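Scroll down for the structure; my scribbles are underneath it.
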Amino acid sequence: MKKDKLTRRKFITSTSATAAATMLSAPLFARSGSGVSSELALKGGNSVRTAEWLSWPVWNQEAESNMMELLRSTNWYRGDGNKCRTFEKSYAELIGAKRVIATASGTTALITALHTLGVDAGDEVIVSPFTFIATYNVVFNQKALPVFADTDPETFTINPDKIEEKINDRTTAILPVHICGLPADMNRILAIGKKHSLPVIEDACQAWLAEYDGKMCGTLGDLGCFSFQNSKHIPSGEGGAISGNNDALMDRCFAYHNCGRPHGSSMRGMAENPIRGSNKRLTEVQAGLLLS
84 MKKDKLTRRK FITSTSATAA ATMLSAPLFA RSGSGVSSEL ALKGGNSVRT
134 AEWLSWPVWN QEAESNMMEL LRSTNWYRGD GNKCRTFEKS YAELIGAKRV
184 IATASGTTAL ITALHTLGVD AGDEVIVSPF TFIATYNVVF NQKALPVFAD
234 TDPETFTINP DKIEEKINDR TTAILPVHIC GLPADMNRIL AIGKKHSLPV
284 IEDACQAWLA EYDGKMCGTL GDLGCFSFQN SKHIPSGEGG AISGNNDALM
334 DRCFAYHNCG RPHGSSMRGM AENPIRGSNK RLTEVQAGLL LS
């Protein structure tokens with residue numbers, strides 16, 4: 084017998100009551116009294132939880148000696164050490180990307196990606212209306228306009244059915260967001276990008292290690308962007324990364340994030356034939372935290 088499709092929304096609705104009851108009965112939600120008061124705790128009722136919540140991020144004491152060695156070395160700039168390069172290689176292997184570039188934040192990763200793919204003044208970038216504000220700010224910073232294509236009510240990610248109607252002669256990129264670990268419908272989005280010759284930049288700041296069709300989010304589009312801000316799974320206070328499989332494109336990303344110095348040139352002094360760039364680099368200290 085064919086089973087009815089259980090959508091994400093139906094699943095959440097049907098399981099929320101059970102989940103709430105289970106959570107309230109667990110030791111994590113230790114009650115202050117024998118029963119649950121009908122009054123809110125703010126109004127004098129019993130607290131649902133009396134113990135403190137776990138703090139985040141969690142520090143690994145075993146990594147302390149390595150971090151202290153790094154701090155004492157004073158090799159805090161990526162040009163003087165190897166932590167950033169080690170992290171880039173390790174993270175690329177982890178997510179299955181050809182290359183990764185460590186950046187100062189997820190926001191600077193997005194800025195670098197947009198600049199490298201040619202988003203400029205007067206252009207339009209199609210984005211999801213449901214995301215962190217940085218997804219819009221980076222488009223505005225390029226003096227371009229974010230154009231909203233509505234979300235799929237079942238996944239809360241950008242709806243491919245709403246993308247093509249937003250495309251015009253000013254559209255220069257599509258920026259899907261994998262929100263809260265939920266992958267966007269990348270096969271359809273990539274097909275639309277290919278049809279209209281538009282690059283696709285994945286905002287995977289909230290979804291690294293999430294999989295779509297057997298591949299990691301952030302490795303499907305032209306470029307993928309990640310965040311290691313303090314609230315993320317692997318935090319370094321601030322930090323980010325760009326992933327890609329096209330060497331020429333990644334070389335341009337590296338040059339832009341490294342003050343315009345071409346990839347492979349000296350990290351110090353003025354390189355020959357520098358391009359327009361900025362400083363979006365991660366520090367060795369942050370990379371050390373990510374590797375710890």
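Position 3 of the sequence shown, counted from 1, bears residue number 86 in this note's numbering, the numbering being contiguous throughout. Every residue gets a Cβ at the ideal spot worked out from N, C-alpha and C, and that includes glycine. None of the values given here were measured: they were computed from a predicted structure.
Compute the beta-carbon to beta-carbon distance between residue i and residue j, rounded to the nearest angstrom, for a pair I have assumed lies under 8 Å.
i, j, result
"A290", "L197", "That belief does not hold up - the Cβ atoms of A290 and L197 are roughly 19 Å apart, past 8 Å."
"V260", "S211", "5 Å"
"G320", "T191", "In fact, because the Cβ distance is near 14 Å, the residues do not count as touching under 8 Å."
"D286", "L372", "23 Å between Cβ atoms; not a contact."
"V208", "P229", "6 Å"
"I284", "G304", "6 Å"
"H340", "I178", "So it is not a contact: roughly 19 Å between Cβ atoms."
"A338", "I358", "5 Å"
"T302", "L258", "So it is not a contact: roughly 16 Å between Cβ atoms."
"G343", "C336", "In fact, because the Cβ distance is near 12 Å, the residues do not count as touching under 8 Å."
"L365", "T186", "6 Å"
Can you tell me whether DSSP reads residue i as helix, strand or coil?
i, result
"P357", "coil"
"L396", "Here the chain comprises residues numbered 84 to 375, so residue 396 is not present and cannot be evaluated."
"R182", "strand"
"L111", "Its pLDDT being 42, under 50, L111 is placed unreliably by the model, and nothing is read from it."
"T133", "coil"
"V221", "helix"
"R388", "Only positions 84 to 375 of the chain appear in this structure, which leaves residue 388 out of reach."
"R161", "coil"
"T214", "coil"
"E122", "coil"
"E248", "helix"
"T169", "helix"
Tell me the DSSP bridge mates of residue i?
i, result
"E294", "M299"
"L177", "Paired residues: none, contrary to the question."
"D286", "V260 and C308"
"L281", "DSSP lists no partner for L281."
"T234", "I241"
"N313", "Bridge partners of N313: none, in fact."
"V208", "P229 and A256"
"N362", "N341"
What residue range does the beta strand (DSSP E) around residue i cover?
i, result
"T255", "T254 to L258"
"L228", "L228 to F231"
"G276", "No beta strand (DSSP E) contains G276, which is instead part of the alpha helix (DSSP H) from M269 to K278."
"L306", "L306 to S310"
"A324", "G323 to G327"
Starting from residue i and walking both ways along the alpha helix (DSSP H), at which residues does that stretch end?
i, result
"E367", "E367 to L374"
"S148", "E147 to S156"
"A196", "G189 to T199"
Does the beta-carbon of residue i, which I'm using as the reference point, lie nearer than 7 Å to any heavy atom of the ligand FAD?
i, result
"N129", "The model on display carries no ligand, and the ligand FAD is accordingly not part of it."
With 8 Å as the threshold, decide whether the Cβ of residue i is near any Cβ in chain D.
i, result
"I184", "Reference to chain D is not applicable here, since this structure consists of a single protein chain."
For the stretch 294 to 314 and the stretch 264 to 282, state whether three or more C-beta atom pairs, one from each stretch, are separated by less than 8 Å.
Proximity of the stretch 294 to 314 to the stretch 264 to 282 meets the contact definition, three or more beta-carbon pairs being nearer than 8 Å.
Okay, do the stretch 301 to 315 and the stretch 164 to 173 touch, 3+ Cβ pairs below 8 Å being the bar?
no
Below 8 Å, can you find three or more Cβ-Cβ pairs linking the stretch 214 to 229 to the stretch 272 to 280?
no
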